[in-house]
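Just so we're aligned, residue 256 is where the sequence shown starts under this note's numbering, counting upward by one.
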Amino acid sequence: MKSGTVDDALLRGWALPRVEEDGDKESRGRVVVLAGSREMPGAAVLAGTAALRAGAGKLVIATPQSAAQTVAAGVPEARVIALPEGSDGAPTFFGLPLLQAIARSTDCLLVGPGMIGPESTLTLVQALLPLFRHATVLLDALAMDLVKSLHRFEQPVILTPHAGEMAHLTGAAKEHLQELPADVAQRQARQWNAVVALKGATTCIAAPAGGVWTHRSQAPGLGTSGSGDVLAGLIAGLAARGATPEQAAVWGVALHARAGETLARRQGTLGFLARELSAEVPALLQSLAPIP
């Protein structure tokens, strides 16, 4: 699927990898979520839960030691790795061996939700990329700052900036980016050699080879704390199941928006919580399955 407007017809024509009837959790992939901090442990919970709701088979959450107990209680389905942390509550480079041990068995690595400490975080993330070179890597939030020094990726990577983050990463004016989101997403996807999902009411997903997909949402309530963490988790879960980076991004954006629209109809336009989005996803996946 090279490009287009993201609607039900496009999704049904670009079906996700088939779920094996006799398969188990191993057959649907492992997600590693490196997320959270002393101040924001909930981001790891939101992202990890979303990855499982998208159908991933196994989940590991790596989070700073001070957040590990909270995260483990919030996602009892996950294996939780407590990482060494600095005085600011951010993970440090000393956690690298713990992550190296699970790298080769990982299908998707998500890094960034709720993380703090730019210097220590980016040092750790840059060291992780070659270890997880066989996995799809999704960089979100603070972890996306890596492109300011790395410039171009040599492995499958997805980035999920909103307009403000894209302005920070590129130095362009936010207003200009909002005027031509498809052009911006395409340019940066080629420059960074990454799938870029430029988020907004109109979200543009671009692949480095040139494909571009546009999704328009009618759920303003999605603009709420933690919503981006859920989106990142959904994309990661789909990638772990075997979706290509661009397919995972397109489907993740669509599921996230439709979950928001479902909650808006049931609860009201504003006021639903990010934690409520993921529970809508399994039924949405079922409804978007290809029609026999």
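Glycine residues also receive a C-beta, built at the ideal position from the N, C-alpha and C atoms.
Spatial neighbours of residue i in its chain, beta-carbon cut-off 6 Å, leaving aside the 5 residues before and after
| i | result |
| --- | --- |
| Thr479 | Ala529 |
| Leu510 | Leu489, Val536, Leu539 |
| Ala396 | Gly367, Pro368 |
| Thr376 | Ala345, Met370, Leu397 |
| Ile336 | Ala317, Leu353 |
| Gly481 | Leu301, Ala529 |
| Gln320 | Ala337, Glu340 |
| Ala503 | Ile490, Leu493, Ala494 |
| Ala461 | Ala440, Gln441, Ala444, Val451, Val467 |
| Leu289 | Ala317, Val366 |
| Gly523 | none |
Alpha-carbon spacing of residue i relative to residue j, whole angstroms
| i | j | result |
| --- | --- | --- |
| Leu558 | Gly291 | The question about residue 558 has no answer, for the chain in this structure spans 256 to 547. |
| Gly367 | Ala264 | 32 Å |
| Pro545 | Trp468 | 19 Å |
| Gly435 | Thr517 | At residue 435 the sequence reads Leu, which differs from the Gly that was named. Those two C-alpha atoms are separated by around 28 Å. |
| Val439 | Asp400 | 17 Å |
| Gly497 | Leu271 | 8 Å |
| Thr499 | Val451 | 13 Å |
| Phe349 | Arg521 | 46 Å |
| Gly466 | Leu525 | 33 Å |
| Arg293 | Gln381 | 22 Å |
| Gly483 | Pro416 | 9 Å |
| Phe527 | Gln410 | 37 Å |
| Leu405 | Ala298 | 25 Å |
| Leu351 | Arg359 | 14 Å |
| Asp262 | Glu430 | 27 Å |
Exposure of residue i, with buried meaning 16 or more beta-carbon neighbours within 10 Å
| i | result |
| --- | --- |
| Thr457 | exposed |
| Lys313 | buried |
| Ser472 | buried |
| Ala390 | buried |
| Pro373 | exposed |
| Lys454 | buried |
| Glu501 | buried |
| Gln541 | exposed |
| Arg513 | buried |
| Thr260 | exposed |
| Ala428 | exposed |
| Gly268 | exposed |
Inter-residue CB distance, residue i and residue j (contact presumed, cutoff 8 Å)
| i | j | result |
| --- | --- | --- |
| Pro346 | Leu379 | 6 Å |
| Ala333 | Ile357 | So it is not a contact: roughly 13 Å between Cβ atoms. |
| Val402 | Trp447 | 5 Å |
| Ala495 | Cys459 | With a Cβ gap of about 24 Å, Ala495 and Cys459 do not count as contacting. |
Pair within 8 Å by beta-carbon distance, residue i and residue j
| i | j | result |
| --- | --- | --- |
| Ala205 | Leu393 | This structure does not reach residue 205, given that the chain is present from 256 up to 547, and the question cannot be answered. |
| Gly369 | Met295 | yes |
| Val300 | Val274 | no |
| Gly284 | Cys363 | yes |
| Val508 | His470 | yes |
| Ala474 | Gly426 | no |
| Leu266 | Leu493 | no |
| Val286 | Ala323 | no |
| Gln441 | Ala418 | no |
| Ala444 | Leu365 | no |
Sequence-distant residues of the same chain with beta carbon closer than 7 Å to residue i, five excluded per side
| i | result |
| --- | --- |
| Ser533 | Thr304, Ala305, Arg308, Val485 |
| Phe408 | Trp447, Asn448, Ala449 |
| Thr361 | Arg285, Val287, Phe387, Ala390 |
| Thr325 | Pro296 |
| Ala327 | Val335 |
| Glu531 | Leu518 |
| Ser258 | Gly466, Val467, Trp468 |
Own chain residues within Cβ distance below 8 Å of residue i, not counting five before or after
| i | result |
| --- | --- |
| Gln355 | Leu386 |
| Pro463 | Ala444, Arg445, Trp447, Asn448, Ala449, Val450 |
| Glu281 | Gly312, Lys313 |
Chain B within 8 Å of residue i, Cβ atoms only
| i | result |
| --- | --- |
| Phe387 | Any reference to chain B falls outside this structure, which holds one protein chain only. |
Cβ-heavy atom distance, residue i to the ligand SAM, below 7 Å
| i | result |
| --- | --- |
| Gly372 | Judged by which ligands are present, the structure shown has none, so any question about the ligand SAM falls away. |
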